[in-house]
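Below is one structure, written out as structure tokens; the observations come after it.
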Amino acid sequence: MRTPLYDHNAKRKTVSVTLNADLVARSIERGINISRVAETALIASFEAAEKVVILDEITAATKFVDEYVTLHGHPFPESTAMFMPEDDDPNAAADDAA
């Protein structure tokens, strides 16, 4: 189960936002809920920013592991053997997992 990025049930908060007056007037004429549109855009921006943070963390972790393995070797070398095909195994090339 994933941990939500934000509280979907949090109370709504009134905030001050500066927008193009003509755009606001035209949106109101069309029945567009400006608050909902802004919230949807904010969610998309927030999720994109979180993805950047997560990718940076993954990149840093990968770099750490690569440096560790380079300096010290695999921490459990016997376990890597189960993921590596044998050189003389004729089915190794056909293995989808490899």
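The numbering used here applies: residue 1497 is where the sequence shown begins, and numbers increase by one.
From the three backbone atoms N, C-alpha and C, an ideal C-beta is built for every residue, glycine too.
Remember, it's a predicted structure, so these values are computed and weren't measured experimentally.
Which residues bound the alpha helix (DSSP H) around residue i?
i     : result
L1551 : I1530 to H1568
D1518 : A1517 to E1525
Measuring straight from C-alpha to C-alpha, what distance separates residue i and residue j?
i     : j     : result
P1489 : I1554 : Only positions 1497 to 1594 of the chain appear in the structure, and residue 1489 is not among them; the question remains open.
Y1564 : F1572 : 12 Å
V1561 : V1548 : 20 Å
I1550 : T1558 : 12 Å
E1543 : N1505 : 17 Å
S1523 : T1566 : 59 Å
A1517 : E1525 : 12 Å
V1520 : R1498 : 36 Å
A1537 : A1556 : 29 Å
L1515 : I1528 : 14 Å
E1574 : D1503 : 44 Å
CB-CB under 6 Å to residue i, same chain, minus the five flanking residues each way: which ones, in chain order?
i     : result
E1546 : L1501
Please say whether residue j and residue i have beta carbons closer to each other than 8 Å?
i     : j     : result
A1534 : V1513 : yes
Only counting the same chain, and skipping five residues up and downstream in sequence, which positions put a Cβ closer than 7 Å to that of residue i?
i     : result
K1509 : none
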